[in-house]
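Enquirer: Below: one structure in C-alpha cells.
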Amino acid sequence: MRWTKNNRFYQLRLWPGEEIITSLVEFSRRVKIKSGVVLGIGAGTNFELGYYHFDKQTYHRRRLKGEYEIVSLVGNIAWEDKQPICHCHIVLSDQRMATYGGHLFAGLVSATCEITVLPGDKKLHRELERETGLKLLKL
1465 MRWTKNNRFY
1475 QLRLWPGEEI
1485 ITSLVEFSRR
1495 VKIKSGVVLG
1505 IGAGTNFELG
1515 YYHFDKQTYH
1525 RRRLKGEYEI
1535 VSLVGNIAWE
1545 DKQPICHCHI
1555 VLSDQRMATY
1565 GGHLFAGLVS
1575 ATCEITVLPG
1585 DKKLHRELER
1595 ETGLKLLKL
C-alpha cells in the first residue's frame, strides 16, 4: 500500500493481494486517523459481503469468488477502544455487469484499489447498542 496526503485528504493505492479492510485499519492506525470518510474504486476477488437481518440481529454472509470490478466503496472510520474500525459497504460488478452489494467483511485487491480518505478533526468511537445489536457511532 502507498499513500499521499493531498491537501486535506489522503489518497491510497492498494496492491494486488492486499486485503481491503485490513489495509484501511493499518493505514488508520499508522496515520492516526481520528475519524473519516472512505471512498474507493478498483478491482478485486474473494469478497465476503453481508446483509444485516435486524430482527435476528445477525449478518447473512456470502462469499463471491472470481474477479469483480469495485463500482463503489463507501464507509467511515471510527474507533473501538484502541482499535480503528473501518465500516464499509461495497457495490461489485461481474463480467455481465450484474451488481452485488452489502457490508464489506473482506476482499482481496486484484489489479488495484484506489481509496480516498477524508479525515475528521474529532475522534469518533463506536459503541454496542442493544436495540440493534450493532456497534454504532457514538456522537
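Per my numbering, residue 1465 is the first one in the sequence shown, and the count goes up by one each step.
Positions of the beta carbon are idealized from the N, C-alpha and C atoms, including for glycine.
Note that this is a predicted model, so its numbers are computed, not measured.
Determine the burial state of residue 1548: buried for a count of at least 16 other Cβ atoms within 10 Å of its Cβ, exposed for fewer.
Expert: Taking the sequence shown and counting its residues from 1, one reaches residue 1548 at position 84. It counts as buried.
Enquirer: Determine, using beta-carbon pairs with one atom in the region 1558–1565 and one in the region 1496–1510, whether at least three such pairs fall under 8 angstroms.
Expert: With a cut-off of 8 angstroms, the region 1496–1510 and the region 1558–1565 do not count as touching, because too few Cβ pairs lie within range.
Enquirer: Whose C-beta lies closer than 6 angstroms to the C-beta of residue 1565 among residues of the same chain, with five residues either side of it excluded?
Expert: Against the sequence shown, residue 1565 aligns to sequence position 101. Cβ within range, chain order: 1555.
Enquirer: Tell me which same chain residues have a C-beta within less than 8 angstroms of the C-beta of residue 1599, skipping the five on either side of it?
Expert: Here residue 1599 refers to the residue found at position 135 of the sequence shown. The residues are 1544, 1549, 1590, 1591, 1592, 1593.
Enquirer: Going by C-alpha distance, which of 1511, 1494, 1480 is nearest residue 1528?
Expert: Counting from one through the sequence shown, the residue named residue 1528 turns up at place 64. Minimum Cα distance to residue 1528 is reached at 1511.
Enquirer: Please state whether DSSP places residue 1549 in a helix, a strand or coil.
Expert: By 1-based counting over the sequence shown, the position of residue 1549 is 85. In this structure, residue 1549 counts as strand in the three-state DSSP scheme.
Enquirer: Ignoring anything shorter than 3 residues, give me the beta strand (DSSP E) runs that lie fully in the region 1472–1556, in order along the chain.
Expert: Fully enclosed beta strand (DSSP E) runs of 3 or longer: 1473–1478, 1500–1517, 1522–1544.
Enquirer: What's the call for residue 1491, buried or exposed, on a 16-neighbour Cβ count within 10 Å?
Expert: For the purposes of this step, residue 1491 is taken as the residue at position 27 of the sequence shown. That one is buried.
Enquirer: Quick test of your reading: residue 1581 and residue 1473, contact by CB under 8 angstroms. State the CB separation rounded to the nearest angstrom.
Expert: Translated into positions along the sequence shown, residue 1581 becomes position 117. Translated into positions along the sequence shown, residue 1473 becomes position 9. Correct: roughly 6 angstroms between the Cβ atoms.
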